[in-house]
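In our numbering, the protein residues as written are 3 to 589.
All C-beta atoms in this analysis are idealised placements derived from N, C-alpha and C, irrespective of residue type, glycine included.
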């Protein structure tokens, strides 16, 4: 996802001793006063970060800090996060098998010790820290019991109260830097349609039990900040007329509100949360990538842009922040999709940084606290900002963008939306015919380590033998060298395609030059022996490497119009006219 700056300090013995001394001085004493009120809490908490996929990790209903592939949390990791500039850490926690149902729902003291140890790591750096009940509330997790749609609600409420009583008692002496969050993404596990009102009422009861239980443990818990979510931490289901109720807090001794609302933000989901390599651009930054670098418009998210976010956050501000109820964006982020187009990885990551910065900056500008979701992983499905083994920053641009946006309370302060690094032009451009029949006789002209470009099989029409051995059909390919705007033909000849197939799976033209919107294709004709088939609207796009690509037949793509043809006895050709090559070719 890049070399980091985390944990960098001055060299030399004296400087190191001073740094260690400063960290010791930063430890928050248990008896410090609660001085941060509702008017200052957002500023104090600043930019936050999740140590995700750790204390909530589990397998088969058993909690295990490392079972999802991350190493144990260390002081060095938390110090690196603090050194980077984050001032709040959210620590998701699951309890599951660490609760003894046969012994009054007793929580394993060793597990509470570990949770407290991680909290202390954060205190050692002077950070705010949020702990919650995380994985217990999922229908999809083995051993999940904290379920709004569970059959025995009396048992659930009793168990929930017992567990939170023990958590609250364990941390009763901790000062205002520790915040309790009642639950995570609580729902019935269905995502179609509005929330079930009966189940939402159960969720509201849980939040009330949480508040009453924590306050009832006394000491500093009587005025601690408490954080509660609505249905699935969904913003619309929390601010809209779907059933969310803020719990009452009559036992709070602070003299003012000490309640917060938790929401998560991953919109649009096809951009933020899935490895859908078609949706890799977002917002104004994405528009600029389309304009400057020639990314296809189809690669941009079709909803959830800046105006959508602005409206949603504004409604949260009106409903909660302006009524002295701070809002924490407890999770937000978008996964790394830079593998979609390797030649444009920097631009794709830049767009990702822009999204992160926009969310964080907009939240801060409206008095809310953004807490980035980091799952510890980089690359595919990775939200990671840090390497949890080396403690280095893996995404310094994203970190810098978030911190600048929050500091300046400006969604665009961290990263300019003007896109530079326009794709370099090439001295020579080529086009190639690619094909696959229904029996998988093929030539792959795209990037493929076994059979594609730069392999020994690139100029071979491959047929499979009975034992899956490769047979060279002897077919000949004619590729095109494109030197200017004009008409070109690519073809495959010398093989009777009708001998073993009645149809094609794929027919396409690939290239070795970058796609951009200035390239225009017309007068496309597919020829099967003597049969000529004009193509009115060929599907033109960027391939997985960002290169110009034209699709003519693809049985796997339902958006592509069917082609009426007869399998030839000699071969196929594709003739096309292309314009705009001055955007590709060097002068």
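Assuming residue i and residue j make a contact with CB atoms under 8 Å, what is their CB distance in whole Å?
{"i": "residue 496", "j": "residue 520", "result": "At roughly 36 Å, the Cβ-Cβ gap does not stay under 8 Å, so residue 496 and residue 520 are not in contact."}
{"i": "residue 587", "j": "residue 428", "result": "7 Å"}
{"i": "residue 219", "j": "residue 175", "result": "In fact, because the Cβ distance is near 11 Å, the residues do not count as touching under 8 Å."}
{"i": "residue 190", "j": "residue 151", "result": "4 Å"}
{"i": "residue 431", "j": "residue 515", "result": "4 Å"}
{"i": "residue 238", "j": "residue 382", "result": "Not really, about 29 Å apart at Cβ, beyond 8 Å."}
{"i": "residue 368", "j": "residue 316", "result": "7 Å"}
{"i": "residue 408", "j": "residue 49", "result": "4 Å"}
{"i": "residue 583", "j": "residue 484", "result": "6 Å"}
Rounded to a whole number of angstroms, what is the C-alpha to C-alpha distance between residue i and residue j?
{"i": "residue 108", "j": "residue 138", "result": "15 Å"}
{"i": "residue 179", "j": "residue 540", "result": "60 Å"}
{"i": "residue 505", "j": "residue 441", "result": "9 Å"}
{"i": "residue 538", "j": "residue 141", "result": "50 Å"}
{"i": "residue 101", "j": "residue 188", "result": "19 Å"}
{"i": "residue 133", "j": "residue 147", "result": "19 Å"}
{"i": "residue 2", "j": "residue 356", "result": "There is no way to answer for residue 2, as the model of the chain reaches only from 3 to 589."}
{"i": "residue 228", "j": "residue 261", "result": "5 Å"}
{"i": "residue 300", "j": "residue 114", "result": "49 Å"}
{"i": "residue 581", "j": "residue 438", "result": "28 Å"}
{"i": "residue 510", "j": "residue 555", "result": "7 Å"}
{"i": "residue 203", "j": "residue 246", "result": "8 Å"}
{"i": "residue 225", "j": "residue 289", "result": "47 Å"}
{"i": "residue 116", "j": "residue 92", "result": "15 Å"}
{"i": "residue 445", "j": "residue 280", "result": "24 Å"}
{"i": "residue 39", "j": "residue 258", "result": "8 Å"}
{"i": "residue 269", "j": "residue 339", "result": "15 Å"}
{"i": "residue 120", "j": "residue 164", "result": "22 Å"}
{"i": "residue 319", "j": "residue 60", "result": "35 Å"}
{"i": "residue 398", "j": "residue 352", "result": "11 Å"}
{"i": "residue 366", "j": "residue 553", "result": "45 Å"}
{"i": "residue 208", "j": "residue 293", "result": "50 Å"}
{"i": "residue 361", "j": "residue 508", "result": "41 Å"}
{"i": "residue 333", "j": "residue 413", "result": "17 Å"}
{"i": "residue 557", "j": "residue 564", "result": "8 Å"}
{"i": "residue 78", "j": "residue 400", "result": "21 Å"}
{"i": "residue 267", "j": "residue 252", "result": "30 Å"}
Please list the terminal residues of the continuous alpha helix (DSSP H) segment that includes residue i.
{"i": "residue 354", "result": "347-367"}
{"i": "residue 211", "result": "199-218"}
{"i": "residue 319", "result": "308-321"}
{"i": "residue 272", "result": "271-274"}
{"i": "residue 81", "result": "77-86"}
{"i": "residue 533", "result": "Looking at the DSSP string, residue 533 is not in any alpha helix (DSSP H); the run it does join, the beta strand (DSSP E), is 533-537."}
{"i": "residue 114", "result": "111-126"}
{"i": "residue 334", "result": "Per DSSP, residue 334 belongs to no alpha helix (DSSP H); it is in the beta strand (DSSP E), 329-334."}
{"i": "residue 167", "result": "155-172"}
{"i": "residue 287", "result": "285-290"}
{"i": "residue 240", "result": "237-241"}
Secondary structure at residue i, three-state DSSP: helix, strand or coil?
{"i": "residue 64", "result": "strand"}
{"i": "residue 382", "result": "coil"}
{"i": "residue 398", "result": "helix"}
{"i": "residue 410", "result": "helix"}
{"i": "residue 445", "result": "strand"}
{"i": "residue 421", "result": "Low confidence applies to residue 421: its pLDDT is 49, below 50, so where it sits in the model is not reliable enough to give any reading."}
{"i": "residue 568", "result": "coil"}
{"i": "residue 391", "result": "coil"}
{"i": "residue 2", "result": "Since the first residue of the chain shown is 3 and the last is 589, residue 2 is not available in this structure."}
{"i": "residue 549", "result": "strand"}
{"i": "residue 26", "result": "The pLDDT assigned to residue 26 is 42, lower than 50, so where the model puts this residue is not dependable; a value taken from the coordinates is nonetheless given after this. Helix, per DSSP."}
{"i": "residue 2", "result": "A query on residue 2 cannot be resolved here, the shown segment of the chain reaching from 3 to 589 and no further."}
{"i": "residue 579", "result": "strand"}
{"i": "residue 471", "result": "coil"}
{"i": "residue 182", "result": "strand"}
{"i": "residue 517", "result": "coil"}
{"i": "residue 499", "result": "helix"}
{"i": "residue 43", "result": "helix"}
{"i": "residue 135", "result": "coil"}
{"i": "residue 404", "result": "helix"}
{"i": "residue 300", "result": "helix"}
{"i": "residue 98", "result": "helix"}
{"i": "residue 294", "result": "helix"}
Tell me where the beta strand (DSSP E) around residue i begins and ends.
{"i": "residue 544", "result": "541-544"}
{"i": "residue 530", "result": "522-530"}
{"i": "residue 435", "result": "431-439"}
{"i": "residue 482", "result": "482-484"}
{"i": "residue 373", "result": "371-374"}
{"i": "residue 266", "result": "261-267"}
{"i": "residue 466", "result": "464-466"}
Could you check if residue i belongs to the surroundings of the ligand GTP, using beta carbon to heavy atom distance under 6 Å?
{"i": "residue 247", "result": "No copy of the ligand GTP occurs in the structure displayed, which carries no ligand at all."}
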